[in-house]
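Residue numbers for the sequence shown follow the working numbering, beginning at 18 and rising by one. Beneath this line is the structure, given in structure tokens, with notes to follow.
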Amino acid sequence: MLKILDKYILKQYLGAFLLLLCLFIPIMITVHIAEKIGKILSKDVPFVEVMMYLLDFTIYFSNFLFPIFLFISTMFFTSKLANNTEIVAFLSSGVSYNRFLRPYIIGAVIVCVTALVFSTVFVPDAAAGFNEFQYKYFKSEREKQTSNVFRRISDNDYVYVSNYQSNRKMGFDFTLEHFEGNELEYKVYADRINFKDSIYTLSNYKKRILNENGETLITKARMDTIMNFDIDELTPSSYVAETLSYQKLLEFIETEESRGNASMNVYYVEKHKRTSIPVSALIFTIIAVAVSSVKKRGGMGVNLAIGLGIAMSYMFLDKVFGTIAEKSTTIEPWVAVWAPNIFFGIVAFILIRNARR
């Protein structure tokens with residue numbers, strides 16, 4: 018049963034968070050529009066598309082930044098309580114520090130659960146809209162190309178292209194290997210592969226067939242054929258994992274693993290971030306209360322400065338470890354993704370223990 022103290026702090030906690038979101042979102046949109054307005058005008062982007070893009074942009078980035086917003090808002094209103102000596106009054110009346118902390122934990126859990134639902138229902142569609150608009154109007158053709166793609170397209174077939182251009186449906190240095198068991202049965206080479214009207218065209222085609230008597234080589238300047246894969250499946254967009262619900266993301270990862278996708282770490286990172294980001298809100302709430310619940314000389318400014326320093330440190334570590342997780346072959350992606358939360362979780366434990374004293 019919520020007491021007066023719980024309702025008071027919970028109202029302040031959620032109210033300050035929503036207020037900060039409402040203040041920062043227009044600023045975020047204004048800065049982004051100022052950066053992109055030249056390209057938008059030069060390409061005559063329809064007004065409706067721009068509005069939908071800004072909505073997707075807001076949802077997409079709010080999902081990543083909400084722990085920071087929550088942290089700053091908690092720092093602000095808790096510092097205000099401390100400066101008004103309200104916290105001293107709470108504790109002097111016999112309320113323990115753990116009891117004082119309870120409404121913050123309740124609020125953090127509410128925000129975390131809401132964020133999980135939000136990231137499942139709204140964020141995937143927003144991520145798709147945001148990235149599609151980026152690639153349609155802002156990205157160069159070079160950024161849409163993919164290099165050194167190796168995929169397993171069936172139980173027995175593997176393909177490779179040195180460079181794939183999705184906009185032209187074209188790949189270079191194409192290779193297809195077909196196995197029966199552990200034995201290579203035949204291998205197909207082509208300098209270039211094009212896809213058009215359900216037909217694959219292979220330029221400078223070569224097929225090497227292995228048999229008991231040695232091998233047979235078939236060559237053609239041009240070969241039109243049908244293959245059992247969609248050329249776009251060779252290299253899913255780098256943002257595809259962001260556009261899937263959690264269950265579909267798990268299914269997608271399983272499919273890509275069976276195909277031998279060399280970029281699996283990107284998808285593993287996205288999977289673990291779906292849970293690590295909401296959990297960080299709980300950790301930041303504890304840190305914010307521990308830092309700002311003690312009245313300091315210099316007032317709220319000191320607490321907010323400390324808070325911004327911690328927030329920037331988290332964003333830096335999250336970016337560094339996220340990059341490591343995507344590129345490294347020696348560190349497990351879940352370790353790298355959760356490392357900032359683990360580190361700041363330890364910091365939260367130390368700070369809250371000292372604050373109780």
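The beta carbon of each residue, even a glycine, is placed where N, CA and C say it ideally should be. The structure displayed is predicted, hence computed values, not measured ones.
Between the beta-carbon of residue i and the beta-carbon of residue j, is there less than 9 Å?
i      : j      : result
Met332 : Ile85  : yes
Val311 : Ala33  : no
Ala125 : Ala298 : yes
Phe88  : Phe301 : yes
Ala356 : Val286 : no
Tyr206 : Leu227 : no
Gly188 : Ile210 : yes
Gly326 : Phe167 : no
Ser110 : Leu36  : no
Val178 : Glu194 : no
Leu376 : Val308 : Residue 376 lies beyond the residue range present for the chain, which begins at 18 and ends at 374; the question has no answer from this structure.
Phe83  : Leu31  : no
Asn148 : Glu52  : no
Arg370 : Asn115 : no
Phe117 : Ile127 : no
Val239 : Ser220 : Checking the displayed sequence, the identity of residue 239 turns out to be Arg instead of Val. Cβ atoms of Arg239 and Ser220: closer than 9 Å.
Which residue's Cα is closest to the Cα of residue i: the options?
i      : options                        : result
Gly339 : Lys290, Tyr152, Ile226         : Lys290
Phe78  : Val140, Leu219, Pro350         : Val140
Ala328 : Arg370, Ile304, Thr347, Ala342 : Ile304
Ala365 : Phe74, Val296, Ala342          : Val296
Arg335 : Phe361, Asn320, Val128, Ala322 : Note on identity: in this sequence residue 335 is Asp, with Arg being the wrong assignment. Among Phe361, Asn320, Val128, Ala322, the Cα nearest to that of Asp335 is on Phe361.
Lys153 : Ser183, Val128, Asp174, Thr131 : Ser183
Tyr256 : Phe150, Leu27, Phe64           : Phe150
Lys60  : Phe117, Ala372, Lys156, Leu38  : Lys156
Asn376 : Asp190, Met45, Pro63           : Residue 376 falls outside the range modelled here, since the chain spans only 18 to 374, and no answer is possible.
Lys265 : Lys288, Lys20, Ser275, Asp208  : Lys288
Arg185 : Asp73, Glu103, Ile248, Met45   : Ile248
Ile76  : Phe117, Ala143, Asn199, Met45  : Ala143
Lys224 : Asn230, Phe212, Gly231, Lys237 : Lys237
Ile46  : Lys24, Leu22, Pro63, Asp73     : Asp73
Asp172 : Leu22, Asn115, Ser275, Phe107  : Ser275
Phe81  : Asn101, Glu103, Ser293, Leu201 : Ser293
Gly198 : Thr192, Asp174, Val128, Asn221 : Asp174
His108 : Pro43, Gln29, Val62, Leu22     : According to the sequence as given, residue 108 is Leu; it is not His. The candidate whose alpha carbon is nearest that of Leu108 is Leu22.
Ser330 : Leu27, Val130, Asn358          : Asn358
Val112 : Lys20, Ile341, Leu267          : Lys20
Tyr222 : Ile363, Asn230, Ile235, Ala322 : Ile235
Leu27  : Gly324, Leu201, Val306, Glu343 : Val306
Glu229 : Asp208, Phe212, Leu201         : Leu201
Based on the DSSP secondary-structure assignment, which residues constitute the bridge partners of residue i?
i      : result
His195 : Asp174, Tyr203
Lys224 : Val205, Ile235
Leu261 : None; Leu261 has no bridge partner.
Lys213 : Ile216
Gly188 : Tyr181, Ile210
Thr347 : None, per the DSSP bridge assignment.
Arg168 : Val176
Met240 : Leu219
Taking 8 Å as the line, does the beta carbon of residue i fall inside it for any heavy atom of the ligand ZN?
i      : result
Ile243 : Because no ligand of any kind appears in the structure shown, any question about the ligand ZN cannot be addressed here.
Is the segment 270-282 touching the segment 64-78 in the sense that three or more CB pairs, one from each, lie closer than 8 Å?
no
The segment 92-111 / the segment 127-139 touching (three or more Cβ pairs under 8 Å)
Remark: fewer than three beta-carbon pairs, one from each stretch, lie closer than 8 Å, so the segment 92-111 and the segment 127-139 are not flagged as touching.
I'd like to know if the segment 52-65 and the segment 268-275 are in contact, where contact means that at least 3 CB-CB pairs between them fall below 8 Å.
no
For the segment 106-122 against the segment 342-352, are there 3 or more C-beta pairs whose distance is under 8 Å?
no
Give, in chain order, every unbroken run of the alpha helix (DSSP H) that is at least 4 residues long and sits entirely within the segment 73-160.
103-109, 114-138, 140-150
Runs of beta strand (DSSP E) wholly within the segment 277-339 (minimum 3 residues, chain order):
none
Evaluate contact between the segment 209-224 and the segment 235-248, counting only Cβ atoms and requiring at least three cross-stretch pairs below 8 Å.
yes
Could you name each continuous alpha helix (DSSP H) segment of 4 residues or more that falls completely within the segment 24-57, going from the start of the chain to the end?
none
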